[in-house]
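In the working numbering, the protein residues as written are 99 to 327. Glycine is no exception: its CB is placed at the ideal position from the N, C-alpha and C atoms. Quick caveat: nothing in here was measured; it's all calculated off a predicted structure. Take a look at the structure set out below.
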Amino acid sequence: MNYFALIPAAGVGARMAAGCPKQYLPLLGKPMLRHTVEAFTRSPLIAHTYVVVSAGDGYAGDVLPADLPGVTVLRCGGATRMESIRNGLRLLGGTIGPDDRVLVHDAARPGLTPALTAKLIDAAGADPAGGLLALPVVDTVKSAAAGKVATMPRTGLWLAQTPQMFPYALLLRALEEAPDPDAITDDASAVELLGLSPRLVEGHPRNLKVTLPADIRIAEMYLTMDPET
Ligand code: C5P
99 MNYFALIPAA GVGARMAAGC PKQYLPLLGK PMLRHTVEAF TRSPLIAHTY VVVSAGDGYA
159 GDVLPADLPG VTVLRCGGAT RMESIRNGLR LLGGTIGPDD RVLVHDAARP GLTPALTAKL
219 IDAAGADPAG GLLALPVVDT VKSAAAGKVA TMPRTGLWLA QTPQMFPYAL LLRALEEAPD
279 PDAITDDASA VELLGLSPRL VEGHPRNLKV TLPADIRIAE MYLTMDPET
């Protein structure tokens, strides 16, 4: 069984409101996407890394040159994250076997380390339902639906991160069969809709998703820290 990384990187990063898509913003002088890709190319467990960008992307060629070992750019991005991933999976049908594992990881999580990837693979690599990195909720959780504030029990609640790892055939089927793909915000929820229960593996705050401008400094702080911590 081989492990492949698939990085959807076809978003525009509207909440970042920067001059370029957020995955190309510099962190410590290097584009975010390059940090993210290198988290996988530094891992001996990953057979190959595929990056999905939009057809008209004008940055990927410089950030990920064609001679970069172990990395292939796929210009098949879609209108949503799910569509980008599904398009990438379809293209890879002849390359990745049905039982090979695909680790889907957001371009906007540059703090991933080979140690975290190894932890996920160790814990869930053999699980037919797959698994994902996630963090147990530590704050008190409030709901404010319909103007009524209430406190929710946080026992058993986790915040999903990526990578989210599944057998290739299962993930493609889950995304093809999802009744409302636009309502799905992560890969695991599509697999859960098939009645399966992916394994939750504790991640790390350094694997944050860079979403708002203030997140850039936090991501840079983690990137200067020892990746094994
Ligand atoms: O915008 P957000 O941070 O939620 O996006 C998560 C990931 O999905 C990012 O890596 C982004 O580039 C990717 N994405 C994509 N295609 C889209 C929208 C988002 O590959 N149409």
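Near ligand 1: residue i beta-carbon under 7 Å from a heavy atom
i: Ser182; result: yes
i: Gly176; result: yes
i: Arg179; result: yes
i: Gly156; result: no
i: Pro212; result: no
i: Val150; result: yes
i: Ala276; result: no
i: Pro106; result: yes
i: Lys246; result: no
i: Thr72; result: There is no way to answer for residue 72, as the model of the chain reaches only from 99 to 327.
i: Asp237; result: no
i: Gly127; result: no
i: Thr309; result: yes
i: Asp59; result: Summary: the structure shown does not reach residue 59, with the chain confined to residues 99 through 327, and so no result is reported for it.
Straight-line Cα distance separating residue j from residue i
i: Asp278; j: Leu257; result: 22 Å
i: His133; j: Gly209; result: 8 Å
i: Pro124; j: Thr253; result: 38 Å
i: Ile219; j: Tyr101; result: 9 Å
i: Ala107; j: Glu300; result: 24 Å
i: Glu274; j: Arg184; result: 8 Å
i: Gly328; j: Arg199; result: Here the chain has residues from 99 to 327 only, and residue 328 is not among them.
i: Ala224; j: Gly192; result: 22 Å
i: Val151; j: Pro129; result: 14 Å
i: Thr170; j: Gly156; result: 16 Å
i: Ala232; j: Ala286; result: 11 Å
i: Glu318; j: Leu214; result: 18 Å
i: Pro296; j: Gly228; result: 5 Å
i: Lys217; j: Gln262; result: 12 Å
Simplified DSSP assignment, three categories, for residue i
i: Val308; result: coil
i: Ser182; result: helix
i: His133; result: helix
i: Glu326; result: coil
i: Ser287; result: helix
i: Gly229; result: strand
i: Ala103; result: strand
i: Thr147; result: strand
i: Thr193; result: coil
i: Pro163; result: coil
i: Arg199; result: strand
i: Leu321; result: helix
i: Pro303; result: helix
i: Pro124; result: strand
i: Arg140; result: coil
i: Arg113; result: helix
i: Leu292; result: coil
i: Arg297; result: strand
Residue i, buried or exposed, once every other Cβ within 10 Å from all chains shown has been counted against 16
i: Met99; result: exposed
i: Thr260; result: buried
i: Thr238; result: exposed
i: Arg207; result: buried
i: Gly186; result: buried
i: Thr309; result: exposed
i: Gly159; result: exposed
i: Leu126; result: exposed
Taking the runs of the beta strand (DSSP E) that are 3 residues or longer, which of them lie wholly in the region 203-274?
229-234, 239-241, 248-250, 256-265
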